[in-house]
Every structure is written in C-alpha cells, then in structure tokens.
Amino acid sequence: MRTVILSILLTLLAAAPLRAGESAARDVISNQIKAFQAEDLGRAYQFASPFIQEKFATPETFGRMVREGYPMIWQPAEVTFLEARETGGRLWQEVLLRDAAGRGWIAEYELVELNGKMRINGVRIREAPEQAV
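Last residue of the sequence shown: 710 in this note's numbering, with the numbers rising by one and none dropped.
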C-alpha cells in the first residue's frame, strides 16, 4: 500500500512543473492570438522566442507571415486548448482552432522557457479530424 501511495505522490509531484508550464504556455498563446486579432504586431512579436524573432527580423515581417500562412491563428473564430506534453525539455501545447470558414485545425505550439518566461518557438498546423471539430 505504501508503494502505491508513494508512486501516486511521485507522479503528482513530477506533473506539477508541467501543469505550471502548461498554464504559462496557455497564457502566452492566448495573449499572442489576442494581439494578432487586434493587429498589434509588436505585442504579438514579443511572445515569440529569440529564434523566431531573428528569423523574421521585424514585427511586420512576422505578422505578414502569420496573416498569409496561418489565417487560422491570425483571426480564429474559436480557440480550444487541448493536451500539453513535455518532450526533450520543451513544452508542446495543442490547440484546436476554428477558422472563419468553420474548418478545424490543430496547432501544435512548441514553447521554450527563457529567463523564467515562456516563449513560442514554432507552430505546426494540421487539419483537425472531423470528430474533433
């Protein structure tokens, strides 16, 4: 019985940092989406990691890339957070997005912690299965 209780406690303790990171990740993603919806490119750019900022150089270039390549992130009709997982020291947060046409998309956000703050380091998009929509 002690072994079972100890196993449960260790599992809960190991999951605590993921839950804290998951909460921070959801805040960063939500705030970036709100900034895109308001077309506040400077604010949206602040939530990107230095790698992404360096790759796109300016908030305007970054905003144009998102607007043209990821319209479901630029102006989503609906945002629903799904599961989060940690892999290789990075947090991955899945988000179900619905675009203006009503199609569902799964965005897999890669997040990194830098100086105590979560930053978005990339996003992979795939069409959501029908049952998820």
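Built from N, CA and C at the ideal position, the CB exists for glycine as well.
Review point. Per DSSP, Trp682 is paired with what?
Key: Partner(s): Leu674, Glu704.
**Study point:** Spatial distance of Val605 from Asn698 (CA atoms)
**Key:** C-alpha of Val605 to C-alpha of Asn698: approximately 11 Å in a straight line.
Exercise for review: Report the option in Asp617, Leu673, Val656, Leu659 whose CA atom is closest to the CA atom of Phe639.
Suggested key: The shortest Cα separation from Phe639 among Asp617, Leu673, Val656, Leu659 belongs to Asp617.
Review point. What separation, rounded to the nearest whole angstrom, lies between the Cα atoms of Ala634 and Val643?
Key: Cα to Cα, the separation comes out at about 14 Å.
Exercise for review: Have a look at Tyr686, Met695, Trp651 and flag the residue whose alpha-carbon is nearest the alpha-carbon of Trp669.
Suggested key: Nearest to Trp669 by alpha-carbon distance, out of Tyr686, Met695, Trp651, is Tyr686.
Exercise for review: Identify, in the order they occur along the chain, each residue of the same chain with its Cβ nearer than 6 Å to the Cβ of Gly646, setting aside the five sequence neighbours on each side.
Suggested key: For Gly646, where only same-chain residues beyond five positions count, there are no Cβ hits under 6 Å.
Exercise for review: Pull up the DSSP beta-bridge partners for Lys694, would you.
Suggested key: The partner list for Lys694 (beta bridge, DSSP) reads Leu691.
Practice item. Kindly indicate which three-state DSSP category Asn637 falls into: helix, strand or coil? Key: A small correction: the amino acid at residue 637 is Glu; Asn does not occupy that position in the sequence shown. Note: Glu637 maps to helix in three-state DSSP.
Check your understanding: What are the partner residues of Arg662, as DSSP defines its beta bridges?
Key -> Trp669, per the DSSP bridge assignment.
Point to revise | Proximity winner among Ser626, Ala621, Glu671, Ala615, relative to Asn692 (alpha-carbon distances) | key: Taking only the C-alpha atoms, the option nearest Asn692 is Ser626.
Review point. In its own chain, which residues sit with a C-beta less than 6 Å from the C-beta of Ala684, not counting the 5 before and 5 after it?
Key: Setting aside the 5 residues that flank it on each side, Ala684 is surrounded in the same chain by Val672, Leu674, Val700, Ile702, each with a C-beta closer than 6 Å to its C-beta; the list follows chain order.
Practice item. Determine the burial state of Leu659: buried for a count of at least 16 other Cβ atoms within 10 Å of its Cβ, exposed for fewer. Key: Label assigned to Leu659: exposed.
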